[in-house]
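Below is one structure, written out as structure tokens; comments come after it.
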Amino acid sequence: MKKHEDPTKNEGRAGADRRRLRSAVDLEVIIPAYNEASRIPGTLAATIDFLESQTWSSRIVVVDNGSVDDTSAVVRRIARQTSSVGVSLIGCAQPGKGAAVRRGLLSSRSRFTGFLDADLATPVATLETAMPLLEGGASAVIASRHAPGAEFVQPQQLGRRLGGGAFRLMTRRMVQGIVDTQCGFKFFELEAVKRALVECRTTGFAFDVELLHRVQNHGGRIVEVPVAWTDGSASTFRPVRDGIASFHSVLKMARFS
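Numbering-wise, our numbering comes out as the position in the sequence shown, counting from 1, plus 791.
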């Protein structure tokens, strides 16, 4: 995104429907979604159930990334039925998980904001660890499948394990001291993430690497927390196509960083 580009430019119909500013809460949870009509009800139910039990005020923001199924309609229906934890829907017509996450984060006005994957491979209860760290001054708190104490509840396939290992080796110089840049659970102090986002250009799955790299470049402190992670059977990540694209994006970032 160019520094002065209108963040609503590629928001799509869903975003145009909900362009009004959202009120600030303690925590906004961004969920990027592409063709998630069948899975999003369970994801929202579990997330709402967890957030209702916390002391912080919170909101869930689903970013529809150009879905061609009924994702938006399903989210709108759930939003009308929910009162204790707000559910908002915005859109992002620009393809790519990174573009959807960036759209959601840039639209936030809340003290802390971040994203988790719609498959809930990382338990939403990880926020019980993340929030005190953010309140204590961390710029970012990210889940890790490879930090000491982490575990795979359901092992990844061999090809993904090998590809992931090679990717981690390649990103070590880009993001210092972090062993897992790709786990789909990252939360931030608002100003820290917005400073980083205005410099981010990547829109695909390598977006996480660039975002964390930019946070560190601005002096931000990133805390990695181990999690019990379950490989999502319906992940939208395509190991060959998306893996090659991610490697290419990181190599390009490394040349210009």
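Here a beta-carbon is modelled for each residue, glycine too, at the ideal position from N, C-alpha and C.
Can you say whether residue 1008 is buried or exposed, counting buried as having 16 or more other CB atoms within 10 angstroms of its CB?
exposed
Boundaries (first-last residue) of the beta strand (DSSP E) holding residue 829:
From DSSP, residue 829 is part of no beta strand (DSSP E); its letter is neither H nor E.
When the distance is taken between beta carbons, is residue 910 closer than 8 Å to residue 830?
yes
Go ahead and label residue 900 buried or exposed: buried means 16 or more other beta carbons lie within 10 angstroms of its beta carbon, across all protein chains shown.
exposed
Euclidean distance between Cα positions of residue 996 and residue 892
10 Å
Classify residue 763 as helix, strand or coil using the three-state DSSP reduction.
Nothing in the structure corresponds to residue 763, since the chain is present only between 792 and 1048.
Who are the near neighbours of residue 861 in its chain, counting only those whose CB is closer than 8 Å to its CB and skipping five residues on each side?
828
Using the Cα positions of residue 837 and residue 844, report the straight-line distance between them to the nearest angstrom.
11 Å
For residue 870, does the three-state DSSP call read helix, strand or coil?
Residue 870: helix per DSSP, three-state reduction.
Which residue or residues does DSSP assign as beta-bridge partners of residue 1020?
DSSP lists 943 as the beta-bridge partner residues of residue 1020.
Do you know how far the Cα of residue 854 is from the Cα of residue 993?
17 Å
Closest to residue 979 by C-alpha separation, out of 821, 945, 812, 881, would be which residue?
Restricting attention to 821, 945, 812, 881, the CA atom closest to the CA of residue 979 is found in 821.
Any heavy atom of the ligand SAH closer than 7 Å to the Cβ of residue 917?
By its list of ligands, the structure shown contains no ligand whatsoever, and the ligand SAH lies outside what it can speak to.
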